[in-house]
Amino acid sequence: MTRFPTLTRLSECLALGVCVAVTSAGVVTAAPGLAAAATVVRGWERGDEPPLLATFARTVRAETARLLAPQLALAAALAGVYVNLVAAANGIPGGSVLRVAAVAAGYVAALSFLAMFPVHAAHGGSWWSSWGRAAKDFGRHPWLPAALGAVLAAAAVLVFAVPIMVVLIGGPVMLAAGVLYSRAAA
0 MTRFPTLTRL SECLALGVCV AVTSAGVVTA APGLAAAATV VRGWERGDEP PLLATFARTV
60 RAETARLLAP QLALAAALAG VYVNLVAAAN GIPGGSVLRV AAVAAGYVAA LSFLAMFPVH
120 AAHGGSWWSS WGRAAKDFGR HPWLPAALGA VLAAAAVLVF AVPIMVVLIG GPVMLAAGVL
180 YSRAAA
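Sequential numbering from 0 applies to the sequence shown in numbering that gives the first Met the number 0.
The structure is reproduced here in structure tokens:
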């Protein structure tokens, strides 16, 4: 046991953020990086101390191929949101309703994708079932998407104010997502 457990966890969380940033440089490995971060965070929540780099690298290697299809599905969903926003901006009838619906759909798709990682770390199963369970949990716990949105907004503000934070923020975001999911599941 370390003498300063809070500072130790903070430094581990920031190191986890660097790992997420490095894997996110390759677009295909962004989701596996988040999956690996969620796996490490889940170990912390259980009271384990998984070796950070070994656990991270093992999870990225194991999940890269499995997460390709969900990443493509999210990209397609967000492309659909973009197309609908462009159509709404070009004056189609009902454009304002379409704009609201498209933004809401994109919000739910992106946030449930983020929540999929702590869900999978906690329950296993396929990535599709984890994504579905995350979306269902949004219905059961309406505060969860708002809280995750607030986490992402805070992260965005930090990165906007101090751009170098983009290298560190992935660890704290996944820690917050994991803690929020654990609270919702309790």
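Where is the CB? At the ideal position from N, CA and C, for every residue including glycine.
Bear in mind that the values here come from a model prediction, so they are computed numbers and not experimental data.
Give the straight-line distance between the Cα atoms of residue i and residue j, rounded to the nearest whole angstrom.
| i | j | result |
| --- | --- | --- |
| Val17 | Gly90 | 44 Å |
| Ala14 | Val40 | 12 Å |
| Tyr81 | Pro69 | 18 Å |
| Trp43 | Ala145 | 24 Å |
| Glu11 | Ala121 | 20 Å |
| Gly94 | Ala149 | 27 Å |
| Leu66 | Trp126 | 7 Å |
| Leu179 | Leu167 | 20 Å |
| Thr7 | Glu48 | 11 Å |
| Phe137 | Ala34 | 19 Å |
| Ala108 | Ala101 | 10 Å |
| Leu9 | Ala104 | 34 Å |
| Pro4 | His140 | 31 Å |
| Ala86 | Val26 | 28 Å |
| Ala37 | Thr28 | 14 Å |
Residue i lies in the alpha helix (DSSP H); which residues open and close that run?
| i | result |
| --- | --- |
| Glu11 | Pro4 to Ser23 |
| Thr63 | Element bounds for Thr63: n/a, residue is neither H nor E. |
| Asp136 | Trp126 to Arg139 |
| Ala146 | Trp142 to Ala160 |
| Val96 | Gly94 to His122 |
| Met173 | Gly169 to Ala184 |
How many whole angstroms separate the CB atoms of residue i and residue j, which I take to be in contact at a CB cut-off of 8 Å?
| i | j | result |
| --- | --- | --- |
| Pro117 | Ala176 | 5 Å |
| Ser111 | Trp130 | 6 Å |
Determine, for residue i, whether the minimum Cβ-Cβ distance to residues of chain B falls below 8 Å.
| i | result |
| --- | --- |
| Ala101 | Among the chains of the structure shown, chain B does not appear; only one protein chain is present. |
Validate contact between the segment 42-52 and the segment 71-81 using beta carbons, cut 8 Å, 3 pairs: no
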